[in-house]
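Heads up: the protein sequence lines correspond to chains A and B, in order. Under this note's numbering, the first residue of the first sequence is numbered 1, with each subsequent residue one higher. Under this note's numbering, the first residue of the second sequence is numbered 1, with each subsequent residue one higher. The block underneath contains the structure these notes are about, expressed in C-alpha cells.
2 protein chains.
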Amino acid sequence: MTEYEILERTAPEAATAAGGERKRGIDRVIILLEALLRQRAPMRVGDIARLIGAPRSTTYEIVNRLLEADMLETVGTDGHVYFGRAMHLFGWAYSHHNAHYPRIIETLDRLAAESGETVQLCGLRGNKYVVLDSRDSVGPFRISSQVGVEVPIPWTASGRLLLSHMDDDAVRAFIPAEDYRLPDGRWLPQEDFLAAIALARRQGYSESAALADRFTWCLAAPILDGRGAMTLTLCFVLPVDTPEARRIELLALLRERAMGLGLVGD
Amino acid sequence: MTEYEILERTAPEAATAAGGERKRGIDRVIILLEALLRQRAPMRVGDIARLIGAPRSTTYEIVNRLLEADMLETVGTDGHVYFGRAMHLFGWAYSHHNAHYPRIIETLDRLAAESGETVQLCGLRGNKYVVLDSRDSVGPFRISSQVGVEVPIPWTASGRLLLSHMDDDAVRAFIPAEDYRLPDGRWLPQEDFLAAIALARRQGYSESAALADRFTWCLAAPILDGRGAMTLTLCFVLPVDTPEARRIELLALLRERAMGLGLVGD
DNA sequence: CATTTTTGTCCGATATACTAGACTGCGTGA
DNA sequence: TCACGCAGTCTAGTATATCGGACAAAAATG
C-alpha cells in the first residue's frame with residue numbers, strides 16, 4: 001500500500017477535490033499547509049499534489065517557493081517536506097503577542113508537574129475546538145492528545161465554556177448540525193448542549209464524563225483575557241475512574257490557577 | 001508622526017521597494033509575513049501595503065484571504081492585523097516534529113530557573129542567526145532578547161558553533177561581506193572569524209565577550225541531533241562583569257545539559 | 001532483465017489574478 | 001462649513017501564473 005492510499009483513507013474528501021479548476025497560488029498554499037497540519041507528518045510533493053487536488057507542476061512550483069521562504073523544509077533525503085523554521089517564528093510571534101502567554105505556559109507546566117495528569121490549553125479555531133498546547137501525563141497508559149487537531153465543539157467540556165458568551169441563537173447558528181453526533185454515534189440533543197453551556201456559564205467551569213470517548217473525564221476552567229472575554233481554557237484530561245475526591249481537588253486547583261491568570265489588565 | 005513613518009525609519013529598504021512591478025500572490029504573502037515578523041506588532045492594512053510596496057487593493061485582497069484562513073487575525077477595533085492561530089499550530093507542528101523538542105524546552109526552563117540568567121535556544125535561518133526561544137533573566141536590569149530577529153552570524157558565539165561543520169571556503173561563501181561589520185562599527189577580520197570557528201569546533205563550545213554589544217558575555221554549547229549534526233545551540237547571555245568563577249561554573253552546567261540532549265537516536 | 005510507476009523539470013497557451021484607479025463614507029483639523 | 005487623508009470596496013484590462021502534457025531519469029515492480 002502506498003503512502004497516498006493511506007492518506008486518501010484518512011481524508012477522502014480532500015482527495016476527491018474537483019479537478020480541472022484553476023485556483024490561485026494563495027489558495028493552494030493555504031490548502032497545502034492545512035493538509036500538512038492534518039497529516040502531522042512530512043509528505044512527498046507528489047502525495048501532496050494528489051491530496052490537495054492540485055496539478056503536480058503547480059505543486060512543485062509552490063512547494064519550492066515555500067522552501068525558499070523557509071515556511072517549509074525538506075525532511076530526510078527522499079523528498080519529504082514539512083513545516084519550516086519560519087513557521088516556528090510566526091507562531092511564536094502569535095502566541096507571545098499576548099503579553100502573559102509565558103505565564104499561561106508556566107501555569108500549564110506547573111499543573112502538569114504537580115498533578116502528573118494530562119493538562120491542556122484549549123481554544124477555538126473557526127467553529128471547531130483545538131488543543132493549543134498540552135503536557136501529557138506520564139503513567140504507563142498515558143492519555144495524550146494531538147495539538148492542532150480540530151474537534152467538534154460539542155464533544156468537549158472546554159467548548160461549553162468557550163461558547164458561554166453567545167446566546168442560544170448564536171450557538172445554534174454557529175455549530176454545524178453534524179457536530180452534535182458524538183464519536184460513538186450518539187446524537188447530543190441541541191437543547192442539552194445549550195443547557196450545558198448555560199450551566200458552564202453559571203458555574204464558571206465545565207466538566208464532562210465520557211463525552212469525546214469512553215475513558216476520559218474532562219475538567220475545564222476559563223482564562224479571562226484583559227477585557228474579560230473567555231477565549232482560552234485550561235483543562236485536565238483524567239482517566240474516567242479517577243476517584244471523586246481527587247477530581248474535586250483537581251478542579252479546585254485548576255480553577256484557582258486559571259483564575260490567577262485572568263483579569264490582570266493587558 | 002504616523003505609525004508608517006516610524007516603520008519606514010526602521011526598515012527603509014522595504015519601503016522603497018520598487019513599485020510598478022507585478023508580483024504573484026504567494027510572493028506577496030511571504031513578504032507580508034516577513035514584514036509582520038520584523039515589525040513584531042499588529043499593523044493596519046494601509047501601512048502593510050506601503051511597507052511591502054504592494055498596491056492597496058492587492059493588500060486588502062491578500063489580508064482578507066489570510067484572515068479567512070486564520071493565518072492572520074484582527075487585533076483591536078481599528079483594523080490592525082497580526083499573526084493568527086493557524087500560525088501557532090503550524091509552528092507547533094514544526095517544533096514538535098523533532099521528537100525531543102519538549103526535552104530541549106524543559107532543559108531551557110531548568111537552566112533558566114536554576115541560574116536566574118538569560119538562556120536562549122538558537123539556530124540558523126538562511127545565512128542569519130536567530131533566537132528560537134528564550135527565558136529572560138529576572139533582575140532589575142534584565143538582559144532580554146527578541147525571538148525571531150535575524151542577526152549576522154559573526155556577531156554571535158552560537159554562530160561559531162553552528163558553522164563548525166563547514167570548511168573555510170564554505171564559510172567564506174556563506175557569510176555576506178557586510179555581516180563582518182559589528183554593531184559598534186568595527187570590522188571583524190574574516191580570518192579571525194574562521195579561527196574562532198575552528199576553535200569552537202575543537203572545544204565543543206564557544207564563548208564571546210562584548211561581541212554583539214558592549215555589556216554581554218555569551219556562552220554557547222551545541223545540541224547534536226540524531227545524526228550528529230549541530231543545528232541548535234543553547235546559550236547563556238550574561239552581564240559582561242560576571243565573575244570568572246561563575247562563568248566557568250555556568251559553562252560547565254550548560255555543556256553538561258546540552259550534551260545530555262544530543263545523540264539520543266531519533 | 002523488461003515493465004511500470006514516480007520524480008523532477010520544462011514549455012506553450014490561456015484563463016485569470018493582479019493592478020491602477022475610481023468611488024464612497026468616515027473622522028479630523030482648520 | 002470645507003478640505004483633507006484614510007479605510008474599505010469595486011471594476012475593467014492585461015501581464016502572467018497556472019495548467020496540461022511531454023520528457024528523461026530514477027526507482028520500484030514482477
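All C-beta atoms, glycine included, are put in the ideal place defined by N, C-alpha and C.
- Taking C-alpha positions only, Arg181(A) is separated from Arg201(A) by approximately 23 Å.
- In the three-state reduction of the DSSP assignment, Ile223(B) falls in the strand class.
- Gly148(B) is not a Cβ neighbour of Leu66(A), given a cutoff of 7 Å.
- Residue contact check for Ser95(B) against chain A: a CB pair falls below 7 Å.
- Separation of Asp241(A) and Phe215(A) (C-alpha to C-alpha, rounded to the nearest whole angstrom) is 8 Å.
- Apart from the 5 residues on each side of it in sequence, Gly76(B) sits with its Cβ closer than 8 Å to the Cβ of Pro42 in its chain, given in chain order.
- Annotated as proximal: Arg85(B) and Arg125(A), with beta-carbon spacing under 7 Å.
- Contact of Arg65(A) with chain B by beta-carbon distance below 8 Å involves Ile26, Asp27 and Ile30.
- Annotation: the continuous beta strand (DSSP E) that includes Arg135(B) extends over Lys128 to Arg135.
- With a minimum length of 4 residues, the unbroken runs of alpha helix (DSSP H) contained wholly in the region 41-88 of chain A fall at 45-52 and 56-68.
- Contact between Thr107(A) and Arg257(A) holds, with the beta-carbon distance rounding to 5 Å and staying under 8 Å.
- In this structure, the CA atom of Ala69(A) is about 25 Å from the CA atom of His100(B).
- C-alpha of Tyr205(B) to C-alpha of Phe193(B): approximately 15 Å in a straight line.
- At a C-beta separation below 9 Å, Tyr82(B) has these neighbours in chain A: Ala93, Tyr94 and His97.
- Taking the Cα positions, Val171(B) is about 40 Å away from Gly46(B).
- Sorting Ser57(A), Asp133(A) and Tyr82(A) by C-alpha distance to the C-alpha of Glu34(A) places Tyr82(A) at the top.
- Between Leu211(B) and Leu254(B), the CB-CB gap reaches or exceeds 7 Å.
- Ser95(A) sits in a helix when the DSSP states are folded into three classes.
- Bounds of any beta strand (DSSP E) do not take in Thr242(A), whose DSSP letter is neither H nor E.
- Straight through space, the alpha carbons of Tyr129(A) and Val151(A) are spaced by roughly 5 Å.
- As computed with DSSP, Ala209(A) is found in a beta bridge with Trp217(A).
- For Arg201(B), the enclosing alpha helix (DSSP H) has its first and last residue at Gln190 to Gln203.
- Met87(B) reaches chain A at Met87, Phe90, Gly91, Ala93 and Tyr94, counting residues in chain order whose Cβ is nearer than 8 Å.
- Among the residues facing chain A, Val147(B) is included, as its CB has a counterpart in that chain under 7 Å away.
- Leu182(A): not part of any beta strand (DSSP E); DSSP gives it neither H nor E.
- Residues of chain A whose Cβ lies closer than 9 Å to the Cβ of Ala113(B) do not exist, since the nearest Cβ in that chain is about 10 Å away.
- Taking a 10 Å sphere around the C-beta of Arg24(B), we find fewer than 16 other C-beta atoms and assign the residue as exposed.
- Residue contact with chain B for Leu37(A): present (Cβ-Cβ distance below 7 Å to some residue of chain B).
- For the region 123-142 of chain B, the set of residues with a beta-carbon nearer than 8 Å to any beta-carbon of chain A comprises Gly123, Arg125, Gly126, Val130, Leu132 and Asp133, in chain order.
- Proximity of Asp70(A) to chain B, defined by a Cβ-Cβ separation below 7 Å, is satisfied.
- Residue state for Val138(A) is assigned as coil, using DSSP reduced to three classes.
- Considering only beta carbons, the part of the region 36-60 of chain A lying closer than 9 Å to chain B consists of Leu36, Leu37, Arg40, Ala41 and Pro42, in chain order.
- For Leu33(B), the neighbours in chain A by C-beta distance under 7 Å run, in chain order, Phe90.
- In the DSSP assignment, Pro102(A) falls within the unbroken alpha helix (DSSP H) covering Tyr101 to Ser115.
- Rounded to the nearest whole angstrom, the CA to CA distance from Thr231(B) to Gly262(B) is 11 Å.
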